[in-house]
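K.L.:
First to last, the protein sequences are chains C and E.
According to the working numbering, the first sequence holds residues 1 to 347 in order.
According to the working numbering, the second sequence holds residues 348 to 641 in order.
Quick reminder that beta carbons are idealized off the backbone N, C-alpha and C, glycines included.
Could you have a look at this structure, given as structure tokens, before my questions?
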Amino acid sequence: MRCGDFKETYIKDEEIFQSLFVKFCLGMFLLFLLVFPFAADAYMLYIANMIGFAVIGAVGLNLLTGFTGQISLGHAAFVGVGAYTSAILVTRLGFSFWLSIPFAGLVAALAGMIIGIPSLRVKGLYLCIATLAAQFIFEFIFIHWESMTKGITGINIPHPRIGSLEFITEKEFYWITLFFVVLGVGYARNLVRSRMGRAFVAIRDRDLSAEIIGINLFRYKLSAFAISSFYAGVAGALWVTFLKVVTPDHFPFILSIQYLAMIIVGGLGSVLGSIFGAVFITLTPELLNYLSEIVKMYALGHEEIFVPMKEVIFGLLIVLFLIFEPRGLAEIWNRFKNFFRLWPFSY
Amino acid sequence: MDILLQIIVTGLATGGLYGLIALGFVLIYKATSVLNLAMGEFMTLGAFVCFTALTQIKAPFYLALMLTLASAVVLGIIVERLILRPLIGEPVISVIMVTIGLGVILRGLIYMIWTPSFRNFPQIFPPEPLNLNFAVVPSGLWWGFVFAIIGTTIFLLIFKFSRTGVAMRATANDQQAALSMGISVRWVFALAWCFGAMASVIGGIVIGNISGISVYMGDIGLKVLAVIILGGLDSIGGAILGGFIIAILENLTGLYIDPLIGGGAKDVAPFLILVLIIMIRPYGLFGKEIIERV
């Protein structure tokens, strides 16, 4: 029986897979993800894809807000930039879907760096308001730059394909999503234990002290914005390709709030937390849809109440987590694990 | 030339209104260092309460106004006590997000209670527009301006001369010193939220009167952010002056830029101005510059 987990070197302490048991669990989970599409129906696969896009976006935002401490209320704008870049490259310039994804990320990263410039001068509240303004400015651009984005009519996007292999159904797209999710999460998990990740955390904790110990604030703050927006851009490009159409309505202010809600509910400054949060925030409205179906069966005419109910519950989740569990689901998960680690002799 | 003058006069009238809502933001920020992003929803709620009092209970306007103000007080106290007080001392992101969450909850509740359909406000002001020879101000805007100015003046007088106002200013200046002088900081926090909510519900009633009410009228609350950033987050005078400047600039953009790009510039202009101010002078015209020492 294990009664503790002791490490003798820093290298051991920073390992991603801390023990054989963890490796085993992760392996089982990956196996589950690989088997899942063969057992699930189209609706479940649709949800799985949605969760995948949310995970990529949320991990990106967590790198910026959770690790570097730069609050962004404009994440949806970067998702939108990526989505439009991919759509325009594929439809206008004949790029293949695969090539358009990194370009979507890069253009979004560029946009993120531009929006990140105020972060060098202001922080906290002011940065928050600046990114909020960016959200509305980008929304305006999506609607009004009609020669490029086709305004509110939107752009139709063809299916991705490799040779003669087409990705049309939810099941086929699932593999693309899974690939990018694993890539994104793996990169983020490694990033946070590198020099750059430690610099991010130092900036979050106290930027002046970080600067004094030799961290270049200009470089690292902008890197955080760029990486976070890159993730957002990739998430956006995948999402709209999955939906087959992109319109400005896909990137409202509330989407930015949803991403923030994901990392708050999941846990700020934790890659695992962003995944928990993304799953949780994506599943909650679906659960309510399911409930409204049941209500429809028993009490006809009352199901309209579920439309605003979703908003109320979404808001309540944010508020209650902030007040009662500010470190999110990741912290609950840790407590749960620790309880069983020493069970039944918890002291 | 005529149209320019007309635009500026309309801008001034709108500016009074922006100033009033901005005052709500500033009152809360000054005392409690919380930027309340749910302000727009406070406005919507106020407008709907007043609307219900006028149409369902058939109350006269002054009674409906009293009722709305009373509900603002209740709202302010509940929000401060239940949501903001547990978060004192938490990082900025928590505080910002909690007000956003609150906004989402309020919006959902308003949707549930009043349904999302658009409604016209009953006539409460005399319909004749004000004619100033060189320009005409529509009745709604004119009376809105009057209301905003009266509201702002009352708040300013309270802040400047009453015992409560002095306590609030003392708390804003230094919480610990205020506490040691026997001021109940908790009470001041609650009061700041009440005042902020009252300012915003008056704004809501006036805006509802001008352009009708719906669940989505709260979006104007975000536009007012430009006003308070321009004026300085903690400056009451700045909020009022900022209101006029932003409203006039917004109307001018509507006049000159909109035809060039086919509409919509008016709505995004405040945000562009906002980004410019943050880049150039983040603490605004009269805000207190924060100097960080290690």
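Measuring CB atoms only, is the segment 149-167 of chain C touching the segment 246-265 of chain C, in the sense that at least three cross pairs come out at less than 8 Å?
P.N.:
Enough Cβ pairs lie closer than 8 Å, so yes.
K.L.:
Nearest-angstrom Cα distance between residue 373 of chain E and residue 591 of chain E?
P.N.:
Here residue 373 of chain E refers to the residue found at position 26 when the second sequence is read from its first residue. Here residue 591 of chain E refers to the residue found at position 244 when the second sequence is read from its first residue. So the alpha carbons of these two residues sit roughly 16 Å apart.
K.L.:
CB-CB under 8 Å to residue 265 of chain C, same chain, minus the five flanking residues each way: which ones, in chain order?
P.N.:
As a working mapping, residue 265 of chain C is identified with position 265 in the first sequence. Cβ neighbours of residue 265 of chain C beyond the five flanking positions: 276, 277, 280, 281, 317, 318, 321, 328, 329.
K.L.:
Please list the partners that residue 314 of chain C has in chain E, where partner means a Cβ-to-Cβ separation under 7 Å.
P.N.:
Numbered from 1 along the first sequence, position 314 holds the residue referred to as residue 314 of chain C. Residues of chain E passing the Cβ test: 451.
K.L.:
Among residues of its own chain, excluding the 5 on either side of residue 634 of chain E, which ones have a beta-carbon nearer than 8 Å to its beta-carbon?
P.N.:
The count along the second sequence starts at 1 and reaches residue 634 of chain E at position 287. 578, 579, 580, 581, 582, 585.
K.L.:
Find out if the Cβ-Cβ distance for the pair residue 488 of chain E, residue 557 of chain E is shorter than 8 Å.
P.N.:
Position 141 of the second sequence holds residue 488 of chain E. Position 210 of the second sequence holds residue 557 of chain E. Taking 8 Å as the Cβ cut-off, residue 488 of chain E and residue 557 of chain E qualify as a contacting pair.
K.L.:
Applying the criterion that 16 or more other CB atoms from any shown protein chain within 10 Å of the CB defines a buried residue, is residue 366 of chain E buried or exposed?
P.N.:
Position 19 of the second sequence, counted from the start, is the residue given in the question as residue 366 of chain E. Result: buried.
K.L.:
Would a C-beta distance cut-off of 8 Å place residue 425 of chain E and residue 543 of chain E closer than the cut-off?
P.N.:
Here the question's residue 425 of chain E lines up with position 78 in the second sequence. Here the question's residue 543 of chain E lines up with position 196 in the second sequence. Taking 8 Å as the Cβ cut-off, residue 425 of chain E and residue 543 of chain E do not qualify as a contacting pair.
K.L.:
First and last residue of the alpha helix (DSSP H) that includes residue 199 of chain C?
P.N.:
As a working note, residue 199 of chain C is residue 199 in the first sequence. Looking at the DSSP string, the run of the alpha helix (DSSP H) that includes residue 199 of chain C is 195-205.
K.L.:
From the DSSP secondary-structure annotation, give me the bridge partner or partners of residue 289 of chain C.
P.N.:
Taking the first residue of the first sequence as 1, we reach residue 289 of chain C at position 289. Note: residue 289 of chain C sits in no beta bridge, so no partner.
K.L.:
Quick one: which residues of the segment 117-138 of chain C get their C-beta closer than 9 Å to a C-beta of chain E? List them in chain order.
P.N.:
Cβ contacts with chain E come from 117, 118, 121, 122, 123, 124, 125, 126, 127, 128, 129, 130, 132, 133, 134, 135, 136, 137.
K.L.:
Quick check on this structure: which residue in E:627, E:618, E:570, E:532 has the alpha carbon closest to the alpha carbon of residue 427 of chain E?
P.N.:
Position 80 of the second sequence, counting from 1, holds the residue named residue 427 of chain E. Cα-wise, what sits closest to residue 427 of chain E is E:532.
K.L.:
Which residue marks the beginning of the alpha helix (DSSP H) containing residue 348 of chain C, and which one marks its end?
P.N.:
Missing from the structure shown is residue 348 of chain C; chain C here goes from 1 to 347 and no further.
K.L.:
For residue 612 of chain E, which of helix, strand or coil comes out of DSSP?
P.N.:
The residue given as residue 612 of chain E occupies position 265 in the second sequence. In this structure, residue 612 of chain E counts as helix in the three-state DSSP scheme.
K.L.:
Distance cutoff 8 Å, beta carbons only. Does residue 339 of chain C sit that close to anything in chain E?
P.N.:
Position 339 of the first sequence, counting from 1, holds the residue named residue 339 of chain C. Answer no: the Cβ-Cβ gap between residue 339 of chain C and chain E never drops below 8 Å.
K.L.:
Can you tell which of E:589, E:598, E:550, E:637 has its C-alpha closest to the C-alpha of residue 395 of chain E?
P.N.:
Locating residue 395 of chain E in the second sequence gives position 48, where the first residue counts as 1. It is E:550.
K.L.:
For the segment 434-458 of chain E, list every residue whose C-beta sits within 9 Å of some C-beta in chain C, in sequence order.
P.N.:
Of all residues in the segment 434-458 of chain E, 434, 437, 438, 439, 440, 441, 442, 443, 444, 445, 447, 448, 449, 450, 451, 452, 453, 454, 455, 456, 457, 458 have a Cβ within less than 9 Å of some Cβ in chain C.
K.L.:
When the cut-off is 8 Å and only beta carbons count, does residue 564 of chain E lie next to chain C?
P.N.:
Within the second sequence, residue 564 of chain E is the residue found at index 217, counting from 1. Taking Cβ atoms only, chain C never reaches closer than 8 Å to residue 564 of chain E, which makes this a no.
K.L.:
For residue 30 of chain C and residue 172 of chain C, I'd like the C-alpha separation in whole angstroms.
P.N.:
What you label residue 30 of chain C is simply residue 30 of the first sequence in a count that begins at 1. What you label residue 172 of chain C is simply residue 172 of the first sequence in a count that begins at 1. Residue 30 of chain C and residue 172 of chain C: Cα-Cα distance of roughly 17 Å.
K.L.:
Determine the extent of the beta strand (DSSP E) in which residue 383 of chain E is found, giving its start and end residues.
P.N.:
Stepping through the second sequence from its first residue, residue 383 of chain E is reached at position 36. Careful: residue 383 of chain E lies outside any beta strand (DSSP E) and carries neither H nor E.
K.L.:
Please classify residue 299 of chain C as buried or exposed, where buried requires at least 16 neighbouring CB atoms within 10 angstroms.
P.N.:
Along the first sequence, one-based indexing puts residue 299 of chain C at 299. Exposed, since its Cβ has fewer than 16 Cβ neighbours within 10 Å.
K.L.:
Starting from the N-terminal side, write out each stretch of the beta strand (DSSP E) that is 3 residues or longer and does not extend beyond the segment 479-515 of chain E.
P.N.:
Segments of the beta strand (DSSP E) lying fully in the segment 479-515 of chain E: 482-484.
K.L.:
Among C:296, C:176, C:112, C:219, whose alpha-carbon lies nearest the alpha-carbon of residue 48 of chain C?
P.N.:
For the purposes of this step, residue 48 of chain C is identified with residue 48 of the first sequence, where counting begins at 1. Of the candidates C:296, C:176, C:112, C:219, the one whose C-alpha sits nearest the C-alpha of residue 48 of chain C is C:176.
K.L.:
Is there a Cβ of chain E sitting closer than 8 Å to that of residue 65 of chain C, yes or no?
P.N.:
The residue you call residue 65 of chain C lines up with position 65 of the first sequence. It does: the Cβ of residue 65 of chain C has a partner Cβ on chain E nearer than 8 Å.
K.L.:
Whole angstroms is fine: what's the gap from residue 1 of chain C's alpha carbon to residue 340 of chain C's?
P.N.:
Within the first sequence, numbered from 1, the residue matching residue 1 of chain C stands at position 1. Within the first sequence, numbered from 1, the residue matching residue 340 of chain C stands at position 340. Note that residue 1 of chain C scores a pLDDT of 46, beneath 50, so its modelled location is shaky and nothing firm can be said.
K.L.:
Spell out whether any CB of chain C is found under 8 Å from the CB atom of residue 632 of chain E.
P.N.:
Here residue 632 of chain E refers to the residue found at position 285 of the second sequence. No, residue 632 of chain E lies away from the interface with chain C (no Cβ there is under 8 Å from its Cβ).
K.L.:
Could you work out which residues of chain C lie near residue 618 of chain E, taking near to mean beta carbons separated by less than 7 Å?
P.N.:
In the second sequence, the residue the question calls residue 618 of chain E occupies position 271. Ordered by position in chain C, the residues that pass the 7 Å Cβ test against residue 618 of chain E are 133, 136, 137.
K.L.:
Go through the segment 219-302 of chain C residue by residue and report every complete run of the alpha helix (DSSP H) that reaches 4 residues or more, in order.
P.N.:
Within the segment 219-302 of chain C, the complete alpha helix (DSSP H) runs of at least 4 residues are 253-266, 271-298.
K.L.:
What residue ranges within the segment 565-589 of chain E form continuous alpha helix (DSSP H) runs of no fewer than 4 residues, ordered along the chain?
P.N.:
Correct list: 567-578.
K.L.:
Just mark residue 87 of chain C as buried or exposed, buried being the case when its beta carbon has 16 or more other beta carbons within 10 Å.
P.N.:
The residue given as residue 87 of chain C occupies position 87 in the first sequence. With 16 or more Cβ atoms within 10 Å of its Cβ, residue 87 of chain C is classed as buried.
K.L.:
First and last residue of the alpha helix (DSSP H) that includes residue 446 of chain E?
P.N.:
Stepping through the second sequence from its first residue, residue 446 of chain E is reached at position 99. First-last of the alpha helix (DSSP H) with residue 446 of chain E: 439-461.
K.L.:
For residue 161 of chain C, write down the residues that DSSP places opposite it in a beta bridge.
P.N.:
Against the first sequence, residue 161 of chain C aligns to sequence position 161. Paired residues: C:166.
K.L.:
State buried or exposed for residue 617 of chain E, treating a residue as buried only when at least 16 other CB atoms are found within 10 Å of its CB.
P.N.:
As a position in the second sequence, residue 617 of chain E is number 270, starting the count at 1. So residue 617 of chain E counts as buried.
K.L.:
From residue 352 of chain E to residue 601 of chain E, what does the alpha carbon distance come to, in whole angstroms?
P.N.:
If you number the second sequence from 1, residue 352 of chain E lands on position 5. If you number the second sequence from 1, residue 601 of chain E lands on position 254. Near 14 Å, if we compare the C-alpha coordinates of residue 601 of chain E and residue 352 of chain E.
K.L.:
In three-state terms, what does DSSP make of residue 1 of chain C?
P.N.:
The residue labelled residue 1 of chain C in the question sits at position 1 within the first sequence. The pLDDT assigned to residue 1 of chain C is 46, lower than 50, so where the model puts this residue is not dependable, and the model offers no usable value.
K.L.:
May I ask you to report which of helix, strand or coil DSSP gives residue 477 of chain E?
P.N.:
As a first step, residue 477 of chain E must be located in the second sequence, where it is residue number 130. Of the three classes helix, strand and coil, the one that applies to residue 477 of chain E here is strand, per DSSP.
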